[in-house]
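Undergrad: Just dropping this structure here.
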Amino acid sequence: MTHHAFVIEAGKEEGVEVVRAWVRENLGKDAEIVLLQYGLLSVEDARRVVGVASQTSAEATHRAIIITADRVYHEAQNALLKVFEEPPTGTILFLILPSLGGLLPTLRSRVQVLKARVPVWTSALTTAVCLALVSKVS
837 MTHHAFVIEA GKEEGVEVVR AWVRENLGKD AEIVLLQYGL LSVEDARRVV GVASQTSAEA
897 THRAIIITAD RVYHEAQNAL LKVFEEPPTG TILFLILPSL GGLLPTLRSR VQVLKARVPV
957 WTSALTTAVC LALVSKVS
């Protein structure tokens with residue numbers, strides 16, 4: 837199974853920095869990066885994320901949607917399931933959380949969880965996202 841959705845256990849700034857660097861290096865400087873930041877991610881916020889993910893970019897071939905949150909309501913995780921399982925073509929989702937303790941098994945099964953230091957993240961992201969992009973194009 838290839839992944840196009842990731843959950844990264846990290847602080848907001850650190851996680852965003854790693855994802856931005858990875859996107860620039862692997863998808864190019866023309867890839868669109870959307871950053872959505874929340875304290876407590878609610879169901880309404882999750883619906884907003886789904887809406888943003890469903891919008892297409894006329895200019896960019898690839899989009900990275902970075903979502904940061906301190907915590908995520910279980911109901912909000914349920915609202916994200918479909919888009920995390922099948923994001924639009926060319927879209928990669930990153931959810932950055934300080935702790936994975938509240939991550940539901942249903943959401944966890946739809947993402948690749950990265951809990952490591954920065955070099956390991958970038959290596960795992962490179963491999964997994966390249967495979968995901970190739971499989972979505974095929």
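In this note's numbering, the protein residues as written are 837 to 974.
A virtual CB, placed ideally from N, CA and C, is assigned to each residue, including glycine.
Since we're looking at a predicted model, the values are computed, not measured.
Where Gln873 and Ile903 are concerned, what is the direct C-alpha to C-alpha distance, given to the nearest angstrom?
TA: 6 Å
Undergrad: Return helix, strand or coil for Val919, following the three-state DSSP convention.
TA: Three-state result, Val919: helix.
Undergrad: In whole angstroms, what is the alpha-carbon distance linking Glu868 and Ala915?
TA: Their Cα atoms are separated by approximately 24 Å.
Undergrad: Got a sec, what are the start and stop residues for the alpha helix (DSSP H) Leu871 sits in?
TA: Looking at the DSSP string, Leu871 is not in any alpha helix (DSSP H); the run it does join, the beta strand (DSSP E), is 868-873.
Undergrad: I'd like to check one pair, Val843 with Val809: are the Cβ atoms closer than 8 Å?
TA: Because the chain here runs from 837 to 974, residue 809 falls outside it and cannot be looked at.
Undergrad: Rounding to the nearest angstrom, what Cα-Cα distance links Arg899 and Gly847 in this structure?
TA: 22 Å
Undergrad: Among residues of its own chain, excluding the 5 on either side of Val855, which ones have a beta-carbon nearer than 6 Å to its beta-carbon?
TA: Ile902, Phe930
Undergrad: Could you check whether Ala912 and Ala882 sit closer than 8 Å to each other, using their CB atoms as the reference points?
TA: yes
Undergrad: Grab me the residues of Val859's own chain with a C-beta within less than 7 Å of its C-beta, minus the 5 sequence neighbours each way, in chain order.
TA: Ala867, Ile869, Ala900
Undergrad: Using only the alpha-carbon positions, how far apart do Ser878 and Thr892 sit?
TA: 24 Å
Undergrad: With C-beta atoms as the reference, is Leu933 less than 8 Å away from Glu845?
TA: yes
Undergrad: Closest to Leu939 by CA distance: which of Arg907, Gly851, Gly887, Thr925 is it?
TA: Arg907
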